[in-house]
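For reference, the structure discussed in these notes is given below.
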Amino acid sequence: MDRQTRIPVAVLGATGMVGQRFIELLQGHPWFELVGLGASERHGGRTYAEVSRWRLSGSEMPASAARLPVVPCRPEALGGAKIVFSALPPEVAGDIEADFARAGVAVFSNAKNYRMAADVPLLIPEVNADHAAAIHEQRKQRNWSGYIITNANCSATPLVMALKPLQEAFGVKKVMVTTLQAISGAGYPGLSSYDILDNAIPYISGEEEKVERETLKMLGRWDEGYGFTDAAMVVSAHCNRVATREGHLECA
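Quick note on numbering: the sequence shown equals residues 907 to 1158 in our numbering.
Next comes the structure, spelled out in structure tokens:
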């Protein structure tokens, strides 16, 4: 696609670390053109370079993003975008993402709010692309012209990628997984250095439950008229935070 035919997109929660990762991935993208950045209303009227400190090591703030004005996360403020990638925190993501879907925008969410909703696909295209059919039911039930698709928990995603071929070839009845998760997963500013330095924390609030539930949904099936059915397996997760900056390890 040339620049004139690329799809206009925006990032919500653009000043956080996940939002910055979206911006980095969208730089020079062959399909998408970044046209808008949404964040807290206190940043309104200033450029992204003025309000955001780039925190991703090994890269610099893209010049194309640096020049963009930061606007409130409202559909009317980002009216040029057909797709939004949401890096909003769960405290505010639910209502804002619904507003965009209601306004006819396709929302791809990193937040947990809609992951387990009965009409929202929790999607990994290589694993469960057929779950995208739930969008039709979602639009009908919620009277939206747009839609919401969510990604999975950062530990559930690689687990499901590994389990899917095993499930298809042999069937899987029970899974036990232990995660060693980097501090990047806690966001910025993350954990106190006194808590994590030379340490492993054997508990991440809510993480084990998310890994267990989301894995079953993604490996399950979608049937028109019946909805999602969880995979017939038992998943037990044990999640730990370790003193590594980026990159999670799993043993299953």
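By construction, the Cβ of each residue, glycine as well, lies at the ideal position given by its N, Cα and C atoms.
* Alpha-carbon to alpha-carbon, D1136 and I929 -> Rounded to whole angstroms, I929 to D1136 spans 34 Å at the Cα level.
* **Integer-rounded CB distance, given that A983 should sit under 8 Å from S992** => Going by Cβ atoms, the distance from S992 to A983 rounds to 14 Å, so no, they are not a contact pair.
* To do: Could you have a look at K1018 and say whether DSSP puts it in helix, strand or coil?
  => Here K1018 sits in coil by DSSP.
* Since E939 sits in a beta bridge, which residues does DSSP pair it with? -> Under DSSP, E939 takes part in a beta bridge, and its partners are P914.
* Can you give the Cα-Cα distance for T911 and W937, rounded to whole angstroms? -> Straight-line spacing of the CA atoms in T911 and W937 works out to 8 Å.
* Can you name the start and end residues of the alpha helix (DSSP H) that G1000 belongs to? -> That run of the alpha helix (DSSP H) goes 996 to 1008.
* Buried or exposed for C979, please, with buried defined as at least 16 other CB atoms from any protein chain shown within 10 angstroms of its CB. => Counting C-beta atoms within 10 angstroms of its own C-beta, C979 has 16 or more neighbours from the protein chains shown and is therefore classed as buried.
* Asked: Using the rule of at least 16 other Cβ atoms within 10 Å of the residue's Cβ for burial, across every protein chain shown, is Q1047 buried or exposed?
  -> Flag for Q1047 reads exposed.
* Helix, strand or coil for T1084 per DSSP? -> Residue state, collapsed to three classes: strand.
* Asked: Comparing alpha-carbon positions, which option in P996, E1074, N1019 lies nearest N1034?
  -> Nearest of P996, E1074, N1019 to N1034, Cα basis: E1074.
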